[in-house]
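To start, the structure itself, in structure tokens.
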Amino acid sequence: MEKCFYDMIFKRKSFHNFKDIPDSKISDETIKDIENKFYSFTPLIKDIKVKIKFVKDNENYKKNQEYLIFMYSQKKDNYLQNIGYLGEQLDLYLASINIGALWFGLGKTKMKKEDGLDFVIMIAIKKVDSSLFRKNIDDVPRLELSKIISGDYYKDIIKDIRYAPSAVNSQPWFLETSKDNIKVYRIRRDSKTGILPMKFVNYLNRIDIGILLCFLDVCLENNNIEYTKELYIEENVNKKKNLTAIYSIK
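Residue 1366 in this note's numbering sits at position 46 of the sequence shown; the count goes up by one each step and never skips.
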């Protein structure tokens, strides 16, 4: 993980609309740098092929972004979690170079295939002034720590991973902690998913749990905690609670 990622947890924000942000073009050189960085990130699962594509045509989306980054993947077990994990590293990196981003969960495209890979999700981006990023982490609406954790261990770390973004701020995670391990579950919080159909909730929340794992890895490494993690495949995505990963603390 990039060393700057931990600090970016507290800087990044979701730019829900770039309408009132002055135009400031992202250079071709910067686009190439972002692309190179993405392919250097550590994946959650090594043998899943992924690809990103920068699209300047807004395709009728009204977020006033400069680019959309389309993310493509092979469809394998946990491919959505893998895209979330990689895409959040991208989100954090973009914040480090003052490019605002928005995970555009319900964005659709006619470009459904790229080099044989399937479209998964898009991220809208635009160059923004550094002053427009998050200033006070206490203002971020997140569940209390007691709502997402059981056990008395690693609370100082888990309080930071609460700030991971998620679809409609659903925060679909729960962690069980002991001295030797952290168990991460994807859960369904029906009250926070609004009018989203269940198929979209299950789809987007699997990306969200990958984002959460990225935050957890960043925070563990920032605290010099050595760990290994074992991933699990959800046998029934419609269950209200699915084990995603077990982190064994060394």
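Every residue gets a Cβ at the ideal spot worked out from N, C-alpha and C, and that includes glycine.
Closest Cα partner of residue i within the set the options
{"i": "D1478", "options": "L1533, E1550 and N1418", "result": "A small fix is needed here, since residue 1478 is Ile in this sequence, not Asp. Checking every option, the nearest Cα to that of I1478 belongs to L1533."}
{"i": "F1453", "options": "R1462, L1414 and L1465", "result": "L1414"}
{"i": "M1518", "options": "K1560, Y1326, S1568 and K1475", "result": "K1560"}
{"i": "V1370", "options": "K1430, D1343, Q1401 and Q1385", "result": "Q1401"}
{"i": "D1435", "options": "I1469, D1397, F1390 and K1428", "result": "F1390"}
{"i": "K1446", "options": "S1344, R1462, Y1567 and F1325", "result": "S1344"}
{"i": "V1504", "options": "K1331, D1480, F1520 and I1469", "result": "I1469"}
{"i": "E1386", "options": "S1347, D1510, G1427 and K1366", "result": "S1347"}
Own chain residues within Cβ distance below 7 Å of residue i, not counting five before or after
{"i": "G1425", "result": "I1441, A1487 and L1524"}
{"i": "L1422", "result": "S1334, F1335, H1336, K1383, I1443 and A1444"}
{"i": "S1498", "result": "G1471 and Y1473"}
{"i": "I1481", "result": "L1532, F1535, L1536 and C1539"}
Backbone CA spacing between residue i and residue j [nearest angstrom]
{"i": "D1500", "j": "I1354", "result": "37 Å"}
{"i": "Y1552", "j": "R1506", "result": "11 Å"}
{"i": "I1515", "j": "I1527", "result": "19 Å"}
{"i": "N1562", "j": "S1490", "result": "15 Å"}
{"i": "Y1483", "j": "L1465", "result": "11 Å"}
{"i": "Y1568", "j": "D1327", "result": "Note that residue 1568 corresponds to Ser in the displayed sequence, not to Tyr. Approximately 25 Å between the Cα atoms of the pair."}
{"i": "P1342", "j": "V1448", "result": "8 Å"}
{"i": "R1282", "j": "I1502", "result": "The structure shown does not extend to residue 1282, since the chain is modelled only from 1321 to 1570, so the question has no answer here."}
{"i": "G1427", "j": "F1520", "result": "12 Å"}
{"i": "I1566", "j": "Y1547", "result": "10 Å"}
For residue j and residue i, believed in contact at Cβ under 8 Å, the rounded distance
{"i": "R1372", "j": "Q1394", "result": "Position check: residue 1372 holds Ile in this sequence, whereas Arg was assumed. Their Cβ separation, rounded to whole angstroms, is 14 Å, which puts I1372 and Q1394 out of contact at 8 Å."}
{"i": "F1439", "j": "Y1392", "result": "6 Å"}
Paired residues, beta bridge with residue i - DSSP
{"i": "Y1567", "result": "I1502 and K1549"}
{"i": "T1497", "result": "I1502"}
Contacting residues, own chain, Cβ-Cβ under 6 Å from residue i (five flanking each side not counted)
{"i": "L1388", "result": "V1375, M1442 and A1444"}
{"i": "F1361", "result": "L1406 and Q1409"}
{"i": "I1531", "result": "G1404, E1408 and A1484"}
{"i": "E1541", "result": "M1321"}
Close Cβ partners of residue i (< 8 Å) along its chain, the five nearest in sequence each way excluded
{"i": "S1450", "result": "N1418"}
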